[in-house]
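Visitor: First to last, the protein sequences are chains A and B.
With the working numbering applied, the first sequence corresponds to residues 160 to 456, in that order.
With the working numbering applied, the second sequence corresponds to residues 5 to 414, in that order.
Ideal placement from N, C-alpha and C gives every residue a C-beta, glycine not left out.
This is the structure I have questions about; it appears just below.
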Amino acid sequence: MWRIRLHGRGGQGIKTASQILGSAGFYSGFQAQDFPLYGAERRGAPVMAFTRISEKVILERGPIISPDIILIGDETLLNDSQSAPLCGADPTTLIFVNSPHPPEKLAQKFSLVTADLTDLCHKHLNKRTIYSSALSAVGARLLGTIELADLLQAVEDELTQQGIVTQALQGNLELVREIYTKIEPAILTPKVEKTLITKPMVLPDYRPVVDGAPIILEPGNMALRKTGNWRVERPEIDYTHCNDCLICYARCPDGVIAVNPEGRPAIDYDHCKGCLICAQECPGHFINTVRETGLFP
Amino acid sequence: MKTPKKIMLTGNKAAAWGARMARVEYVPAFPITPQTEIVETLAKWFADGTMQGKFTNMDSEHSMFMAAGSAGATGVRVFTASSSQGILHGLESLYTVTGWRVPMVIVNVSRALATPITLEPDHNDVMSTRDCGLIQLHAETCQEVFDFILMGYKIAEDPEVCLPLLVNLDGFYLSFTREPVLIPGEDEVRNFLPLYTATQPVFQASQPMARASAVFGGVTYTSFKLQQELASRNAEKIFAKTAHDFKDRFGRYYGPVETFHLDDAEYVFVMSNSFATKGKSAVIKLRQQGIKAGLLKLRLFRPFPSEAIASVLAGHAKVAVIDQNLAPGMGGITYPEIVTALYDKKNRPEKILSVIGGLGGKDMDDQDFRTIIETLDKSNMGKPLFLYDEEDAKNFDRLLKIAKLKEVSS
Chain A
160 MWRIRLHGRG GQGIKTASQI LGSAGFYSGF QAQDFPLYGA ERRGAPVMAF
210 TRISEKVILE RGPIISPDII LIGDETLLND SQSAPLCGAD PTTLIFVNSP
260 HPPEKLAQKF SLVTADLTDL CHKHLNKRTI YSSALSAVGA RLLGTIELAD
310 LLQAVEDELT QQGIVTQALQ GNLELVREIY TKIEPAILTP KVEKTLITKP
360 MVLPDYRPVV DGAPIILEPG NMALRKTGNW RVERPEIDYT HCNDCLICYA
410 RCPDGVIAVN PEGRPAIDYD HCKGCLICAQ ECPGHFINTV RETGLFP
Chain B
5 MKTPKKIMLT GNKAAAWGAR MARVEYVPAF PITPQTEIVE TLAKWFADGT
55 MQGKFTNMDS EHSMFMAAGS AGATGVRVFT ASSSQGILHG LESLYTVTGW
105 RVPMVIVNVS RALATPITLE PDHNDVMSTR DCGLIQLHAE TCQEVFDFIL
155 MGYKIAEDPE VCLPLLVNLD GFYLSFTREP VLIPGEDEVR NFLPLYTATQ
205 PVFQASQPMA RASAVFGGVT YTSFKLQQEL ASRNAEKIFA KTAHDFKDRF
255 GRYYGPVETF HLDDAEYVFV MSNSFATKGK SAVIKLRQQG IKAGLLKLRL
305 FRPFPSEAIA SVLAGHAKVA VIDQNLAPGM GGITYPEIVT ALYDKKNRPE
355 KILSVIGGLG GKDMDDQDFR TIIETLDKSN MGKPLFLYDE EDAKNFDRLL
405 KIAKLKEVSS
């Protein structure tokens, strides 16, 4: 059985990628299973999805802890401790990162494949960056056992179910064809079954209600969770033209635009999730949107 | 679907397909994570004409189950679905409509109960409906979800049963997991499950009748309750008949329990629902290490197939009943039911361990199963065994510190 774990952000098509890969595997005659995992979150938040492809019956469910292949759709997740896309990787794990430059540190530790999917998506998908087809094509090709025809059929079936228009579907199919020729099948090493060992179970001591019941004594601790890396695009206020009308301040759904001592709006980039409602609402169009690249500090 | 086809479906989609192929005529609905995909799918199919009948959005699960029962009493085929807080909100209605003795199929997508609130699965929700008179089938795979709905109508509508039937599937691990499901052709399904024709008096225009009758003096109440008990007991026999009929037509056989590597097993895990898959995987790995493990999966949970369970478990030395539920102050809920079933067996197991795990979606791994075996080997195994390890305790302490920062810093 091959276990593939996919990482990306809400809205990037990560769940759909796992489903295309699952269907493609199934059409190629394998047993398949796919499963997404995300909280009650929103666009931009880290999400995970899993695909299992096997010649035999799949007797596993839920998250994949020890993946054979990790497909990372968004390289900004690499230093996100919540997402931890490398968790459970070992020397036999093949890692794919959507990046124009192979991250050197990773290449020293793991077998690494990179490709600039963002660029390819721009080319085929009318400048949109949705990795559902691209990432599934990378996964299918790395596995090496999935036929192109089955992959194309899976792309068509899954995207049609989601109501994609014909022209966009053609773009996705071309994208998949190009990736299929670009990526080489990988040599994968099956994981060695570990001997099952026991682990020490504990029965905790009784604690007073203050510790024993789900009481939060520090309200507002969500601020500790920096959500700035959910952004795919970042709003930037053009202060030379901004007339301090503060409509952005009023409209920000997350309250991350403050008014500074000079009476000007200021964006808290540690928490701004990049919904870009401020850019939409600015009457003078003085908030620019800039694509986020690189790693979040 | 005219001809049989195997397609990738989530557990939720498989449930919707079950209702569609059973040609249900009425669906009262109220959404709740992780069940929403079921009613969303059905809403679409009713709206675009794929399904014929009426889909109604209700104001709560309480009225939803009442509407389902009332529709069942008019003699139409009814389907509805809920989960967690939702099915608990409707619990009063569930007791009421089982007493009406009308058939329907209800899907519950298991999700742990508040407080604390979560979206992930365990079985305290479905266990809360354990005693209200529903027939219950618990599914491990998406195929079982689909098949149990077809079988479910056949059992619930049988004149010897006439009770609502619940099919349970786990949230996330099944509800959002896609795997191949064989959908049979329409004609095959029609032959197995013809359109519903009520064999009891039904509500009709200009013919007044009452279902929600009041009785005083315990004798009348007891008499009707005993009838309900007999109807539920009948369902075990009708289940067996239906399972054979299903196998003849579709090739898949479902006993009230499923056995996995059980014949020579010294250690038996008793499990239900989707985590049984994890148990099966552990059994294979344990056997590779020379440990003779096996698994008993519960499918028919109400009526409780005591004899089927006891006859399979008798003769095996060590049994662990794994409950994904917790009755605080008592322990696992199915454990005493299994022990009771075995009490008068001469060659009953020498040890029966209660294990509690998988609460609120907590994963179970191979090491958990290995630890259960080790505990069964101890002379004093203590009980119950909670699948909660040192690492879990450490992680919990870390979270507590964040939740109580002010207290720590002051």
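Does Asn16 (chain B) come out as helix, strand or coil in the three-state DSSP assignment?
Guide: Here residue 16 (chain B) is taken as the residue at index 12 of the second sequence, counted from 1. Here Asn16 (chain B) sits in helix by DSSP.
Visitor: Helix, strand or coil: which one does DSSP assign to Val325 (chain B)?
Guide: By one-based count along the second sequence, residue 325 (chain B) stands at place 321. Strand.
Visitor: From Val193 (chain B) to Tyr200 (chain B), what does the alpha carbon distance come to, in whole angstroms?
Guide: On the second sequence, residue 193 (chain B) is found 189 positions in, with the first residue counted as 1. On the second sequence, residue 200 (chain B) is found 196 positions in, with the first residue counted as 1. The alpha-carbon atoms of Val193 (chain B) and Tyr200 (chain B) are separated by roughly 13 Å.
Visitor: Could you tell me the alpha carbon to alpha carbon distance between Gly203 (chain A) and Ala314 (chain B), rounded to whole angstroms?
Guide: Translated into the one-based positions of the first sequence, residue 203 (chain A) becomes position 44. Translated into the one-based positions of the second sequence, residue 314 (chain B) becomes position 310. So the two alpha carbons sit approximately 52 Å from each other.
Visitor: Suppose contacts are defined by Cβ-Cβ distances below 8 Å. Is Ala269 (chain B) in contact with Lys289 (chain B) by that definition?
Guide: For this step, residue 269 (chain B) is matched to residue 265 along the second sequence. For this step, residue 289 (chain B) is matched to residue 285 along the second sequence. Taking 8 Å as the Cβ cut-off, Ala269 (chain B) and Lys289 (chain B) do not qualify as a contacting pair.
Visitor: Looking at Thr78 (chain B) and Phe207 (chain B), is the spacing between their C-beta atoms short of 8 Å?
Guide: Taking the first residue of the second sequence as position 1, residue 207 (chain B) is located at position 203. Taking the first residue of the second sequence as position 1, residue 78 (chain B) is located at position 74. Against a cut-off of 8 Å, the Cβ pair of Thr78 (chain B) and Phe207 (chain B) comes out as a contact.
Visitor: Secondary structure at Ala382 (chain A), three-state DSSP: helix, strand or coil?
Guide: The sequence position of residue 382 (chain A) within the first sequence is 223, counting from 1. If DSSP states are grouped into helix, strand and coil, Ala382 (chain A) belongs with the helices.
Visitor: Any idea if Tyr347 (chain B) is buried or exposed, counting beta-carbon neighbours within 10 angstroms, 16 or more meaning buried?
Guide: The sequence position of residue 347 (chain B) within the second sequence is 343, counting from 1. Exposed is the call here.
Visitor: Can you give me the C-alpha to C-alpha distance between Met275 (chain B) and Ser236 (chain B), rounded to a whole angstrom?
Guide: Along the second sequence, read from residue 1 onward, the residue named residue 275 (chain B) stands at position 271. Along the second sequence, read from residue 1 onward, the residue named residue 236 (chain B) stands at position 232. Cα-Cα distance, rounded: 22 Å.
Visitor: Look up Met68 (chain B) in the DSSP assignment and say whether it is helix, strand or coil.
Guide: By one-based count along the second sequence, residue 68 (chain B) stands at place 64. Reduced to three states, the DSSP call for Met68 (chain B) is helix.
Visitor: In terms of DSSP beta bridges, what is Ile426 (chain A) paired with?
Guide: Residue mapping note: residue 426 (chain A) aligns to position 267 of the first sequence, counting from 1. Residue pairing by DSSP puts Ile426 (chain A) in a beta bridge opposite A:Ile416.
Visitor: Which parts of the segment 82-144 of chain B are runs of the beta strand (DSSP E), unbroken and 3 residues or longer, counting only runs that do not cross its ends?
Guide: The segment 82-144 of chain B contains these whole beta strand (DSSP E) runs: 83-86, 108-114, 139-142.
Visitor: With a threshold of 8 Å between beta carbons, is Ala12 (chain B) in contact with chain A?
Guide: On the second sequence, residue 12 (chain B) is found 8 positions in, with the first residue counted as 1. At residue 12 (chain B) the sequence reads Met, which differs from the Ala that was named. Closer than 8 Å: yes.
Visitor: Would you call the segment 336-347 of chain A and the segment 350-359 of chain B in contact, with 3 or more CB pairs under 8 Å?
Guide: no
Visitor: Along chain B, which residues have their Cβ under 7 Å away from the Cβ of Gly167 (chain A)?
Guide: Position 8 of the first sequence holds residue 167 (chain A). Around Gly167 (chain A), no beta-carbon contact reaches into chain B at under 7 Å, the shortest distance being about 17 Å.
Visitor: In chain A, which residues lie less than 7 Å from Arg374 (chain B) when you measure between Cβ atoms?
Guide: If you number the second sequence from 1, residue 374 (chain B) lands on position 370. Chain A residues near Arg374 (chain B): Leu355, Ile356, Thr357.
Visitor: Does the beta-carbon distance from Pro120 (chain B) to Pro420 (chain A) come in below 8 Å?
Guide: By one-based count along the second sequence, residue 120 (chain B) stands at place 116. By one-based count along the first sequence, residue 420 (chain A) stands at place 261. Against a cut-off of 8 Å, the Cβ pair of Pro420 (chain A) and Pro120 (chain B) comes out as no contact.
Visitor: Taking DSSP as the reference, what is the three-state secondary structure of Pro456 (chain A)?
Guide: Locating residue 456 (chain A) in the first sequence gives position 297, where the first residue counts as 1. For Pro456 (chain A), the predicted model reports a pLDDT of 46, less than 50, meaning its position is unreliable; a value from the coordinates is still stated below. Coil, per DSSP.
Visitor: What residue does the alpha helix (DSSP H) around Trp49 (chain B) start on, and which one ends it?
Guide: Position 45 of the second sequence, counted from the first residue, corresponds to residue 49 (chain B). Counting along the chain, the alpha helix (DSSP H) containing Trp49 (chain B) begins and ends at 40-51.
Visitor: Would Pro456 (chain A) be called buried (16 or more neighbouring beta carbons within 10 Å of its own) or exposed?
Guide: Your numbering for residue 456 (chain A) matches position 297 in the first sequence. Confidence at Pro456 (chain A) is low in this model, with a pLDDT of 46, below 50, so its placement is unreliable and the value that follows should be read with caution. Exposed, since its Cβ has fewer than 16 Cβ neighbours within 10 Å.
Visitor: Can you find a heavy atom of the ligand GTP that lies under 7 Å from the Cβ of Ser240 (chain A)?
Guide: The ligand GTP is absent from the structure shown, which contains no ligands of any kind.
Visitor: Under DSSP, the alpha helix (DSSP H) around Met385 (chain B) begins and ends at which residues?
Guide: On the second sequence, residue 385 (chain B) is found 381 positions in, with the first residue counted as 1. Careful: Met385 (chain B) lies outside any alpha helix (DSSP H) and carries neither H nor E.
Visitor: Report yes or no: is there a C-beta of chain A within less than 8 Å of the C-beta of Gln56 (chain B)?
Guide: Counting from 1 along the second sequence, the entry for residue 56 (chain B) is found at position 52. No, its Cβ sits nowhere closer than 8 Å to a Cβ of chain A.
Visitor: Give me the DSSP bridge partner(s) of Leu230 (chain A).
Guide: Against the first sequence, residue 230 (chain A) aligns to sequence position 71. Leu230 (chain A) pairs with A:Leu165, A:Phe255.
Visitor: Assuming Val216 (chain A) is part of the beta strand (DSSP E), what are its boundary residues?
Guide: Taking the first residue of the first sequence as position 1, residue 216 (chain A) is located at position 57. Here Val216 (chain A) belongs to no beta strand (DSSP E), and DSSP marks it neither H nor E.
Visitor: So with Cβ pairs under 8 Å, would you call Thr119 (chain B) a contact of chain A?
Guide: The residue you call residue 119 (chain B) lines up with position 115 of the second sequence. So, interface residue.
Visitor: List, in chain order, every chain B residue whose beta-carbon is nearer than 8 Å to that of Glu352 (chain A).
Guide: For the purposes of this step, residue 352 (chain A) is taken as the residue at position 193 of the first sequence. Ordered by position in chain B, the residues that pass the 8 Å Cβ test against Glu352 (chain A) are Lys289, Gln292.
Visitor: Specify the secondary structure class of Gly172 (chain A) as computed by DSSP and reduced to three states.
Guide: Counting from one through the first sequence, the residue named residue 172 (chain A) turns up at place 13. The three-state reading of DSSP puts Gly172 (chain A) in coil, since its state is none of H, G, I, E or B.
Visitor: Would you kindly check if the distance between the Cβ of Ile110 (chain B) and the Cβ of Glu85 (chain B) is under 8 Å?
Guide: As a first step, residue 85 (chain B) is located in the second sequence; it is residue number 81 there, counting from the start. As a first step, residue 110 (chain B) is located in the second sequence; it is residue number 106 there, counting from the start. The question names Glu, but residue 85 (chain B) is Ala in the sequence shown. Cβ distance < 8 Å, so Ala85 (chain B) and Ile110 (chain B) count as in contact.
Visitor: How far does the alpha helix (DSSP H) with Asp249 (chain B) in it extend, from its first residue to its last?
Guide: Counted from its first residue, the second sequence places residue 249 (chain B) at position 245. For Asp249 (chain B), the uninterrupted alpha helix (DSSP H) run begins and ends at 222-254, by DSSP.
Visitor: Using the three-state DSSP reduction, which class does Lys353 (chain A) fall into: helix, strand or coil?
Guide: Your numbering for residue 353 (chain A) matches position 194 in the first sequence. Note: Lys353 (chain A) maps to coil in three-state DSSP.
Visitor: Would you tell me roughly how many angstroms separate the C-alpha atoms of Met213 (chain B) and Asp52 (chain B), rounded to the nearest one?
Guide: Locating residue 213 (chain B) in the second sequence gives position 209, where the first residue counts as 1. Locating residue 52 (chain B) in the second sequence gives position 48, where the first residue counts as 1. For Met213 (chain B) and Asp52 (chain B), the distance between alpha carbons rounds to 35 Å.
Visitor: Just by C-beta distance, which residues in the segment 209-238 of chain A are closer than 8 Å to chain B?
Guide: Only those residues of the segment 209-238 of chain A whose C-beta falls short of 8 Å from the nearest C-beta of chain B are listed: Ile217, Leu218, Glu219, Arg220, Gly221, Pro222, Ile224.
Visitor: Under a three-way DSSP split, which group does Gly365 (chain B) fall into?
Guide: Residue 365 (chain B) sits at position 361 when you count from the first residue of the second sequence. Helix at Gly365 (chain B).
Visitor: According to DSSP, Met334 (chain B) sits in a beta bridge with which residue or residues?
Guide: Taking the first residue of the second sequence as 1, we reach residue 334 (chain B) at position 330. Note: Met334 (chain B) sits in no beta bridge, so no partner.
Visitor: Closer than 8 Å, CB to CB, is Pro321 (chain A) near chain B or not?
Guide: Translated into the one-based positions of the first sequence, residue 321 (chain A) becomes position 162. The sequence shown places Gln at residue 321 (chain A), rather than the Pro named in the question. No, its Cβ sits nowhere closer than 8 Å to a Cβ of chain B.
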